[in-house]
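Take the sequence shown: its letters are residues 99 to 729, numbered as in the numbering used here.
No residue lacks a Cβ here, since even glycine has one placed at the ideal position from N, Cα and C.
No experiment lies behind these values; they were computed from the predicted model shown.
This report concerns only the one structure given below.
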Amino acid sequence: MSGIAGIYHLDRRPVEKRELARMLDLIAHRGGDDRGSWLGDHVAIGHVLRHTTPESLNEGQPVVSSAGAAVLTADARVDNREELIGALGPRFVSKSSTDADLVMAAYQEWGEAFPENVVGAYALVVWDARERKLICVRDAMGIRPLYYAYKTDQFFAFASEIKALLSLPYVSEDVDAIRVVDYIMLVEEDAERTFYSDVKSLRPAETMTVTPRGVQSTTYWQLDPQKEIRLGSSMEYAEAFRELFTEAVRCRMRSAYPLGTMLSGGLDSSAVTAMTRHLGGANQDLTSISFIFEQFPACDERAYMEAIWDGGGLNKMLVAGDTLNAFHDIDQVLWHADEPHIAVNLFLHWAAWEKAQQADIRVILDGFFGDSAISYGEAWATELFKVGRWVKWARTVNAVANRDGVRSRRVKLAYARDSVDALIPRSLRRKATRLGFEDHESFWKAQSELLNPGLRDRVRLFERLREIEVFPSARFRTARDDHHRDLVSPAYANVFATMNKTSAAFGIDVRLPFADRRLLSFCLAIPPEQKILNGETRSILRRGMEPLLPHSIRSRNDKADLGPYFEHGVTNVRHAELETMLRDESGVLAKFFDMPVLRTRLKDEVGASVPSSGQLAWYAVVLSKWLEIAP
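If you want it as structure tokens, here you go:
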């Protein structure tokens, strides 16, 4: 795990060493074990290092090529080390080479095409002195963040975190109103835009080349929604999945320190924990980290955790969620996150990372993204309905209802309604709404009423929503297309970046096996029915993990409901603060919200006799807090 930063003066002015030093100071929490810098005539590159992998114990950055023609700074974990070492050969690398050395060798061997061959989580920059160009790269899924500020013919600056860029005198701290509008509208469809006008985020799988002539961007890897994998039997699919999932976990277990896994008792976290233990994690001093809720039994999943703990080989670390609320350490969280965020459960993980740091755990494997990676497969029913395979559709829906153990008419009606609803074109949406189907566009209209009217007009709200395809013309094509759209949603890149920056506050490297690009390619390409085989949603994971997961977990069709706990943490704990916000007509929120509308909606949430989600209150408080502490 690392932090990187640098400045390129395109007008060939010399870079002041103190500017780079200030940038590194602001991301020093990402390091602590080493710090280095490289200065050229008009380029400065810096790095802060925290040891996590065994190879990183011998690492020093920036890395300078033997001839001095290239300089690399990288926040990188390479997951296909063996494959890469074999391809590059012993002349360039060895088994003891650091990940940064592998990346440098890959650049020297393949030039700007090198990211195609490097699998892992990384944000990195190469300075090519011969061609006077900077090459910036972010990993395929955007696990590691990389931000930049650019002004034509003058400068290009980059950093792992936004705060480092804002320290430069020529980078503005002005807030990007459009990004705030997107946040209020619950829209996360722009992976480049940040909450600061002058700062952009490199997109996942993007290579950006910067020269005095300008900036060029290319995408080096994409999930292919047209690719299909056909195997001989359901067992072969399960075995192929297990092989890929095993490797996705194994390559993320490299740690020079005690290893942790998040364990909630759900299917994804249990699969990651069970596989980590199976692969020898117990020999690495493996600790499962779990949340418990004494006061909220509906949220507590200890019965399922016990099924994993009974297998032995795990230290148990329990975090009392009851003692926390949605705004726990909110000022510190927002300082590290740089921006308001959409991760409503982040405060729980923040507390877990703090506790893990005290146990000298630096690497945690997390089951996050499993739902999207595997897919529930429910879109397969809609596809069957669309193409007129109604007998197969009925059998699938019946099988799902039976798996749920309810044989419920309600489940079948819900599938029927969803299947029909997904196929209704926009031109008929209003008529369909009168018949009881969901009115998707009225949600956006109601949400837009929260906005300050002048701001709503200034950003051309509905034109923007159409541009970013919140109102897609074709609402459903195939189950594979539906899965693909979910996997490539820009919302995930934003969540991954927030997770990375806030876990770095405690020197924790969170690793996500379900975000492995090799595993994702497989899950997208298999036939949709393999994800809901015999009515069993997420079937490929359940079957693939059969030897390792207890039946009680493999057969789960539910999740703990954190709603009551979250509602309590928002509406009760912050009641006084919400009341103050309701009365404030001239505060920071008034620039963005229509305060009378916000006041009415928040009063409905705070005063509801039946607990509401508290979501609007949470978003409003988070945005207000960020606007107060933002530079």
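Among the options, the one whose alpha carbon lies nearest that of residue i
| i | options | result |
| --- | --- | --- |
| glycine 144 | Glu153, Ser164, Glu117 | Glu117 |
| threonine 151 | Glu399, Ile462, Leu122 | Ile462 |
| aspartate 623 | Ala454, Glu153, Ala338, Met333 | Sequence inspection shows alanine at residue 623; the aspartate mentioned does not correspond to that position. Ranking Ala454, Glu153, Ala338, Met333 by Cα distance to alanine 623 puts Ala338 first. |
| phenylalanine 604 | Lys701, Gln455, Arg179, Leu714 | Gln455 |
| glycine 138 | Leu122, His149, Gly104 | Gly104 |
| aspartate 237 | Tyr281, Ala204, Gly187, Asp173 | Asp173 |
| arginine 350 | Glu207, Pro267, Arg609, Asp656 | Arg609 |
| leucine 170 | Glu210, Ile183, Trp478, Asp280 | Glu210 |
| tryptophan 136 | Pro160, Ser154, Ala126 | Pro160 |
| cysteine 621 | Ile472, His582, Leu482 | Ile472 |
| lysine 453 | Val285, Tyr513, Gly358, Trp488 | Gly358 |
| glutamate 726 | Asp692, Val686, Ala595 | Val686 |
| alanine 167 | Phe594, Ala227, Ser517 | Ala227 |
| isoleucine 630 | Arg652, Arg508, Thr494 | Thr494 |
| leucine 124 | Arg111, Asp109, Tyr106, Ile102 | Ile102 |
| arginine 556 | Leu155, Val278, Val162, Asp427 | Val278 |
| glycine 330 | Pro625, Ala728, Tyr663, Val191 | Pro625 |
| isoleucine 781 | Ser653, Lys543, Ala336, Ala119 | Examination of residue 781 is not possible in this model, given that the chain is present from 99 through 729 alone. |
| glycine 234 | Leu200, Ser315, Gln206, His149 | Reading off the sequence shown, one finds cysteine at residue 234, where the question assumed glycine. Here the closest residue by C-alpha is Ser315. |
| threonine 250 | Asp427, Tyr106, Ala418 | Tyr106 |
| alanine 165 | Val201, Gln206, Tyr474, Ser194 | Gln206 |
| arginine 575 | Asn423, Gln324, Arg175 | Gln324 |
Classification of residue i by the beta-carbon crowding that lies within 10 angstroms, buried from 16 upward
| i | result |
| --- | --- |
| phenylalanine 541 | exposed |
| lysine 261 | buried |
| threonine 341 | Looking at the sequence shown, residue 341 is not threonine but glutamate. Glutamate 341 should be labelled exposed. |
| proline 395 | exposed |
| lysine 115 | exposed |
| aspartate 177 | buried |
| aspartate 429 | exposed |
| leucine 533 | Any reading at leucine 533 needs caution, since the residue's pLDDT is 46, under 50, leaving its predicted position unreliable; the model's value is listed next. Exposed, by the Cβ-count rule. |
| proline 243 | buried |
| serine 707 | Because the pLDDT of serine 707 is 40, which lies under 50, any placement of that residue in the model is unreliable, and the question is left without a value. |
| alanine 715 | buried |
| histidine 649 | exposed |
| glycine 465 | buried |
| alanine 718 | buried |
| tryptophan 724 | buried |
| alanine 372 | buried |
| tryptophan 448 | buried |
| methionine 333 | exposed |
| leucine 660 | buried |
The ligand ATP heavy atom lying under 8 Å from the CB of residue i
| i | result |
| --- | --- |
| arginine 575 | Questions concerning the ligand ATP fall outside what the structure shown contains, since it holds no ligand whatsoever. |
Expected contact under 8 Å - CB spacing of residue i and residue j to nearest Å
| i | j | result |
| --- | --- | --- |
| threonine 292 | lysine 231 | 24 Å between Cβ atoms; not a contact. |
| arginine 133 | valine 141 | Actually they do not touch by this definition, with Cβ atoms about 18 Å apart. |
| valine 720 | proline 438 | 5 Å |
| leucine 446 | methionine 403 | At roughly 15 Å, the Cβ-Cβ gap does not stay under 8 Å, so leucine 446 and methionine 403 are not in contact. |
| threonine 385 | alanine 457 | 7 Å |
| alanine 497 | glycine 633 | 2 Å |
| leucine 263 | alanine 247 | 5 Å |
| arginine 699 | leucine 548 | 7 Å |
| valine 431 | threonine 600 | 6 Å |
| glutamate 286 | isoleucine 440 | 6 Å |
| isoleucine 651 | leucine 365 | 6 Å |
DSSP beta-bridge partners of residue i
| i | result |
| --- | --- |
| phenylalanine 425 | According to DSSP, phenylalanine 425 bridges with nothing at all. |
| glutamate 304 | Thr317 |
| serine 299 | Tyr245 |
| leucine 700 | In DSSP, leucine 700 forms no bridge with anything. |
| serine 135 | Gly144 |
| valine 161 | Leu170 |
| leucine 330 | Rather than leucine, the amino acid found at residue 330 in this sequence is glycine. Glycine 330 pairs with nothing; no bridge assigned. |
| leucine 222 | Ala172, Val235 |
| histidine 107 | Phe253 |
| arginine 291 | Lys298 |
| threonine 344 | Answer by DSSP bridge pairing: none, since threonine 344 is not bridged. |
| serine 100 | Leu147 |
| isoleucine 462 | Gly358, Val608 |
| leucine 549 | Phe691 |
| valine 273 | Tyr294 |
| threonine 196 | DSSP output for threonine 196 lists no bridge partner at all. |
| threonine 635 | DSSP output for threonine 635 lists no bridge partner at all. |
CB contact below 9 Å: residue i versus chain B
| i | result |
| --- | --- |
| glutamate 665 | Protein chain content of the structure displayed is limited to a single chain, and chain B is not contained in it. |
Which full runs of the alpha helix (DSSP H) of 4+ residues lie inside the stretch 584-618, going along the chain? 588-601
Would you mind listing the beta strand (DSSP E) stretches within the stretch 368-437 that are 3+ residues and don't spill past its ends, in chain order? 384-390, 413-418
Output the residue ranges of the beta strand (DSSP E) runs that lie fully inside the stretch 452-502 and measure 3 residues or longer, sorted by chain position. 461-463
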